[in-house]
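Chemist: I am attaching a structure below and will ask some questions about it afterwards.
2 protein chains.
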Amino acid sequence: MPSNIKLEPVKQNATAAEVAGNQIACGRVRVACSLCNLRELCVPGGISPADLSRLDKLVSSRRKVKRGESLFRVGDEFKSLYAVSVGFFKSRISGGECCDQITGFQLPGELLGLDGLATEHHTVDAIALQDSEVCVLPYAELERIARDFQPLQHQLHRVMSREIVREHGVMLLLGSMRAEERVAAFLLNLSERYKSLGYSPTEFVLRMTREEIGSYLGLKLETVSRAFSHFSEKGLITAQGKHIQLKNLACLRKVVDDATSC
Amino acid sequence: MPSNIKLEPVKQNATAAEVAGNQIACGRVRVACSLCNLRELCVPGGISPADLSRLDKLVSSRRKVKRGESLFRVGDEFKSLYAVSVGFFKSRISGGECCDQITGFQLPGELLGLDGLATEHHTVDAIALQDSEVCVLPYAELERIARDFQPLQHQLHRVMSREIVREHGVMLLLGSMRAEERVAAFLLNLSERYKSLGYSPTEFVLRMTREEIGSYLGLKLETVSRAFSHFSEKGLITAQGKHIQLKNLACLRKVVDDATSC
DNA sequence: TTCAGGCTTTGATCCACGTCAAGGGTTGGT
DNA sequence: ACCAACCCTTGACGTGGATCAAAGCCTGAA
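In structure tokens:
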């Protein structure tokens, strides 16, 4: 199973605003898992550098997905997991007739496709919000390698468990928080994730619309917009369209923790 | 690792109402996974009877949990998964100061503890809503056996994936549905699960309070109560305290699918 | 560079659900 | 079997966020 990993430099689609807002890593050479600058995210924790080379066999190919296109759709046969290497995805569940809902956003270093394992068919649509690229991890390979290589098996379990815990957090948000608390929690969550990717935690460009944020948070787009406006008035953020600056993380945190004060 | 599985008959704590409502299986001998009447639920699918005997080694012990007591709590070290064999649990996430939220209810044959894998510590409280009993599946054992026994590994992945998919459904419910749709969806979900356990899908005793249902559904207890009353008026259910009869599954389904009609 | 379509903001109004309150019912521990 | 503690129901009322509407602003494709 030769690895057909591309050795070309990564051309990231960075807008002017994006470059201004984030410390974008440019011109890195993307090679193999063992050298991948996302390896700690893609397959985080506890794997010795010596063993990492085994993982290179796992990634049989990479795949580009253009903005607006889908990586997979509801009902598609499940064959692989996908690790986002470049770009930004949303996962969308279809709630019948009219009401879809976004179940998550995926940044570089995060996994897509875990939903499909249960039934051998995907249960969500994975759609790129910008031109993106993923590492394809064929599940049959993954299971085979995991059998001989305990740390990978353990890590896969941890990644799945983490997804379960993440969704518990979303349930808490949807079930117990008011509108502005949800929006504040959302911004802080994005901030954390950008930070752990090495980007600015206080200034970034939203890749999704107000409507998509609302869909994720169980709110209408107008409510999301009003929350942004209100936070701006209070000096907690500045929001010019999709370009966001977080001016007061502590106070945003306080909005989440207790609706009062600030 | 000898299995210290109890060979005593299962004494189920059946109330008069419960016996009236459900076809309770009485007096079965509980032995080992390979003979367990819940084996298809506990470790569902695709494992040949011959191989099932391997799984017996997995269950090192069983544990009784009295009503109101916890199987594990937030922060407890993660050591084992638990398969409910008798009883009823709730999983509760603590949302800081005041606002807890219930993230799920676990019936016999369902797994508890998957949340703890990610960080080696549990992130929810698992609390028995009636006197219950679980099979303890030490995770280290599970991982070891799964390595040599592919179907178990695959099955564990599927169970975790199913939990992720289940939570997507809850997110849809919390984010997109109105109060009565949520309650109807909740009742239908319980109905399905009782049915797959061999109990009546149309008549059962709720093990949780209105407040706990509300916590799970992101509603207040009064709203849950009013939904029950409204469904009763329309002849969709009868509800006398915790004793529920579903009179019109099709119409309840329709309430979920589209708020209109019925 | 231009322009069209879609995104965002903001205001006015409405209503589903939360809140507060009171009374009755159920239950489980003794 | 009893009783206290908890649970459930129902009503009245308030409000947070949805809905409807309209105007301005981006953005990206040609």
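Going down the list, the protein sequences come from chains A and B. Following our numbering from start to finish, the first sequence increments by one per residue and tops out at 327. Following our numbering from start to finish, the second sequence increments by one per residue and tops out at 327. The beta carbon of each residue, even a glycine, is placed where N, CA and C say it ideally should be.
1) With the cut-off set at 9 Å, would you say T267 of chain B and Q310 of chain B are in Cβ contact?
2) Would you mind reading off the limits of the alpha helix (DSSP H) that contains L237 of chain B?
3) Is it buried or exposed, Q166 of chain A, if we count other Cβ atoms within 10 angstroms and call 16 or more buried?
4) Taking Cβ-Cβ distances shorter than 8 Å, what residues in chain A pair up with G300 of chain B?
5) What in chain B is Cβ-close to G283 of chain A, meaning under 9 Å?
6) For the beta strand (DSSP E) that K312 of chain A lies in, which residues bound it at each end?
7) Quick one: measure Cβ to Cβ for G178 of chain A and H186 of chain A, integer angstroms, because I've assumed they're closer than 8 Å.
8) Can you tell me whether V149 of chain A is buried or exposed? The criterion is at least 16 other CB atoms within 10 Å of its CB, across all chains shown.
9) Give the interface partners of A183 of chain A over in chain B, defined as CB-CB distance under 7 Å, in chain order.
10) S197 of chain B to F154 of chain B, Cα distance in whole Å?
11) Taking DSSP as the reference, what is the three-state secondary structure of Y281 of chain A?
12) What residues from chain B crowd round H219 of chain A, counting only those whose CB sits closer than 8 Å?
13) Within its chain, find whatever has a CB closer than 6 Å to the CB of H253 of chain A; leave out the 5 residues flanking it on each side and keep chain order.
14) Count the other CB atoms within 10 Å of the CB of Q305 of chain B; is the residue buried (16 or more) or exposed (fewer)?
15) Beta strand (DSSP E) containing Y147 of chain B: first to last residue?
16) With 7 Å as the limit, tell me which residues of the segment 148 to 159 of chain A have their beta carbon closer than that to any beta carbon of chain B; keep them in chain order.
17) Can you grab the Cα-Cα spacing for the pair L286 of chain B / S280 of chain B, in whole Å?
18) For A81 of chain A and chain B, any beta-carbon pair shorter than 9 Å?
19) With a 10 Å radius around its C-beta and 16 neighbouring C-beta atoms as the bar for buried, classify E245 of chain B as buried or exposed.
20) Just list the residues that DSSP pairs G133 of chain A with in beta bridges.
21) On the three-state DSSP scale, how would you describe V289 of chain A?
22) In the DSSP assignment, what are the bridge partners of F329 of chain A?
23) Hey, A183 of chain A and I229 of chain B: beta-carbon distance below 9 Å or not?
24) Out of B:K129, B:M242, B:N313, which has the shortest C-alpha to C-alpha gap to C200 of chain B?
25) Assuming V248 of chain A is part of the alpha helix (DSSP H), what are its boundary residues?
26) Note down, in chain order, every chain A residue with its Cβ under 8 Å from the Cβ of H233 of chain B.
27) Over what stretch of residues does the beta strand (DSSP E) that includes L202 of chain B continue unbroken?
28) Please list, in chain order, the chain B residues whose beta carbon lies closer than 7 Å to that of Q215 of chain A.
29) Looking at the structure shown, is V320 of chain A part of a helix, part of a strand, or coil, going by DSSP?
30) Are the CB atoms of G169 of chain B and V248 of chain B within a distance shorter than 9 Å?
31) Return the chain-ordered list of same chain residues with a C-beta closer than 7 Å to the C-beta of K307 of chain A, the five sequence neighbours on each side being excluded.
Modeler: Considering the structure as presented:
1) yes
2) 215 to 241
3) buried
4) Within chain A, no residue has its beta carbon less than 8 Å from that of G300 of chain B; the closest one is some 24 Å off.
5) M236, L239, G240, S241, G283
6) Careful: K312 of chain A lies outside any beta strand (DSSP E) and carries neither H nor E.
7) Your pair G178 of chain A and H186 of chain A does not check out as a contact, with CB atoms roughly 11 Å apart and the cut at 8 Å.
8) buried
9) R223, S226, R227, V230
10) 8 Å
11) helix
12) E208
13) First, the residue type needs correcting, since residue 253 of chain A is Leu and not His in the sequence shown. Once the five neighbours on either side are set aside, the close Cβ partners of L253 of chain A are L317.
14) exposed
15) 145 to 160
16) Result list: I158.
17) 8 Å
18) With a pLDDT of only 30 at A81 of chain A, under the threshold of 50, the placement of this residue in the model should not be trusted; the figure read from the coordinates follows. With 9 Å as the cut-off, A81 of chain A does not count as an interface residue toward chain B.
19) buried
20) Answer by DSSP bridge pairing: none, since G133 of chain A is not bridged.
21) helix
22) Past the boundaries of the shown model lies residue 329 of chain A; chain A is included only from 66 to 327, so the question cannot be answered.
23) yes
24) B:K129
25) Segment 244 to 261, the alpha helix (DSSP H) holding V248 of chain A.
26) I158, T168, D180, T188, V189, E232
27) 190 to 203
28) R212
29) Three-state DSSP puts V320 of chain A in a helix.
30) no
31) V270, L271
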